[in-house]
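Peer 1:
In my numbering, the protein residues as written are 478 to 835.
#1: Do the region 737-756 and the region 504-522 make contact, defined as three or more Cβ pairs closer than 8 Å?
#2: Report the residue from 712, 634 and 616 whose alpha carbon sits nearest the alpha carbon of residue 505.
#3: With C-beta atoms as the reference, is residue 805 less than 8 Å away from residue 799?
#4: Residue 516 and residue 559: beta carbons closer than 8 Å?
#5: Count the other C-beta atoms from every protein chain shown that fall within 10 angstroms of the C-beta of residue 537, then say buried if there are 16 or more, exposed otherwise.
#6: Need the endpoints of the beta strand (DSSP E) that residue 526 sits in, please.
#7: Could you give the DSSP three-state label for residue 698: helix, strand or coil?
#8: What would DSSP say about residue 764, mapped onto helix, strand or coil?
#9: What residue ranges within the region 533-591 form continuous beta strand (DSSP E) runs of no fewer than 3 residues, ordered along the chain?
#10: Measuring CA to CA, which of 695, 687 and 686 is closest to residue 662?
#11: Roughly how far, in whole angstroms, is the beta-carbon of residue 698 from the beta-carbon of residue 675, given that I think they are within contact range, below 8 Å?
#12: Quick check: what's the CA-CA separation for residue 824 versus residue 554?
#13: Figure out for me which residue from 790, 631, 783 and 636 has the closest Cα to the Cα of residue 612.
#14: So is residue 578 buried or exposed if we call it buried at 16+ other beta carbons inside 10 Å?
#15: Is it true that the region 575-595 meets the region 783-796, where meeting means three or more beta-carbon pairs spaced less than 8 Å apart?
#16: Could you tell me the distance, in whole angstroms, from the CA atom of residue 828 to the CA atom of residue 834?
#17: According to DSSP, simplified to helix, strand and coil, what is residue 499?
#18: Between the region 716-732 and the region 682-694, can you find at least three pairs of beta-carbon atoms closer than 8 Å?
#19: In three-state terms, what does DSSP make of residue 511?
#20: In its own chain, which residues sit with a C-beta less than 6 Å from the C-beta of residue 541, not counting the 5 before and 5 after it?
#21: From the DSSP output, which residues share a beta bridge with residue 720?
#22: Report the rounded CA-to-CA distance for residue 509 versus residue 503, giving the unit in angstroms.
#23: Could you pull out every residue in the same chain whose Cβ sits closer than 7 Å to the Cβ of residue 826, ignoring the five residues on either side in sequence?
#24: Decide if the region 748-757 is in contact with the region 587-602; the criterion is three or more beta carbon pairs, one per stretch, under 8 Å apart.
#25: Taking the beta carbon of residue 769 as the centre, do at least 16 other beta carbons fall within 10 Å, making it buried, or is it exposed?
#26: When DSSP labels each residue in this structure, what does residue 824 get in the three-state scheme?
#27: Taking all protein chains shown into account, do 16 or more other C-beta atoms lie within 10 angstroms of the C-beta of residue 478, making it buried, or fewer, making it exposed?
#28: By the three-class DSSP mapping on this structure, what secondary structure does residue 607 have?
#29: Figure out for me which residue from 660, 623, 666 and 787 has the closest Cα to the Cα of residue 681.
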């Protein structure tokens, strides 16, 4: 037996011994493995870092379209900031405070692909509550096994909803048709070294009227080690076998902290074409110098609905002015000031009303 064969034989024995050792780590209650999965917030956590902010420069057709829309409305080009806070993750925010709520909502909807990575992380994090875990355990059965994933031993967990358990059931009324969606099964593939999620597959059943369909959403993660941190570096989102969004993070060391240098997105647009977005970061500020003022900004549905209603009334008032019916216009403008004082059109209505009163 030559040296090369002997070495191969030894490596094979070592591999088998490691395989056997790792197989022993699957507990009798596989649900316990869910508690071992590290929080994504933990992965981002770094000693001495509580928060950081950075200006975000966006490139791509999606951004160009947004600039054109803003220009047509007489508004400045949109500017963005990204904010990280410990235990709360990353928030991508619009900096233009003078944008009306309806336009801010348009920005949020257009930038759905850009926010996909953050939203997936938040969704997974929301399932860490003890109440959710207990309900999940009561509503499912589990199958656990070792599998080869990317030529490396991984643990595969398949959680199957019990009949009638209603796992993650919710009502859906989009597209004018009401129906119910519930999760049928969830499949995790975990890397045992740190119990990182490498793949999550969610199968859902959707019932609308007499029609029942099944949808499979698949999330694939890749990671990168920097300094003492293991950071999520890539995410691929697939729906029924078709790639919808690809995300890649480029990191760098700044002030001795790991931060995003770039984010790259590929996505499928509403017409089925492929779009790309690149975000580059600059002007980093850390801890007490970080600008976190916009981190918790939210637009409620009520505010958006009132903004839309006020816009209709304001446009009607302008039509009356153009047709010379100023008294009717004044009545409309007073209605906005009285009933919609929190909207952006209230101030415009006051200005226009003052002009008509001169």
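Even glycine gets a Cβ: it sits at the ideal position worked out from N, Cα and C.
Peer 2: Reading off the structure:
#1: Too few Cβ pairs lie closer than 8 Å, so no.
#2: Its Cα nearest to that of residue 505, the residue 634 stands out among 712, 634 and 616.
#3: No, they are not a contact pair.
#4: Not closer than 8 Å, so no.
#5: Classification for residue 537: buried.
#6: Neither: residue 526 is in no beta strand (DSSP E) and is coded neither H nor E.
#7: DSSP places residue 698 in the strand class (E or B) of the three-state scheme.
#8: Of the three classes helix, strand and coil, the one that applies to residue 764 here is helix, per DSSP.
#9: Qualifying beta strand (DSSP E) stretches, in chain order: 557-562 and 566-571.
#10: Minimum Cα distance to residue 662 is reached at 695.
#11: Between residue 675 and residue 698 the Cβ distance is about 6 Å, and since that is below 8 Å, they are a contact.
#12: Near 22 Å, if we compare the C-alpha coordinates of residue 554 and residue 824.
#13: It is 636.
#14: Burial call: buried.
#15: Enough Cβ pairs lie closer than 8 Å, so yes.
#16: C-alpha of residue 828 to C-alpha of residue 834: approximately 10 Å in a straight line.
#17: Note that residue 499 scores a pLDDT of 47, beneath 50, so its modelled location is shaky; the value from the coordinates is reported in the next line. Residue 499: helix per DSSP, three-state reduction.
#18: Output reads yes: the region 716-732 touches the region 682-694.
#19: Residue state for residue 511 is assigned as helix, using DSSP reduced to three classes.
#20: For residue 541, where only same-chain residues beyond five positions count, there are no Cβ hits under 6 Å.
#21: Per DSSP, 715.
#22: If I take the Cα positions, the gap works out to 9 Å.
#23: Result list for residue 826: 791, 810, 813 and 814, in chain order.
#24: Judged by Cβ distances under 8 Å, the region 748-757 makes contact with the region 587-602, as three or more pairs qualify.
#25: Flag for residue 769 reads buried.
#26: Residue 824: helix per DSSP, three-state reduction.
#27: Legend: pLDDT at residue 478 = 40, less than 50; position of this residue unreliable, no value from coordinates given.
#28: Per DSSP, reduced to three states, the secondary structure at residue 607 is helical.
#29: Ranked by Cα distance from residue 681, the first of 660, 623, 666 and 787 is 660.
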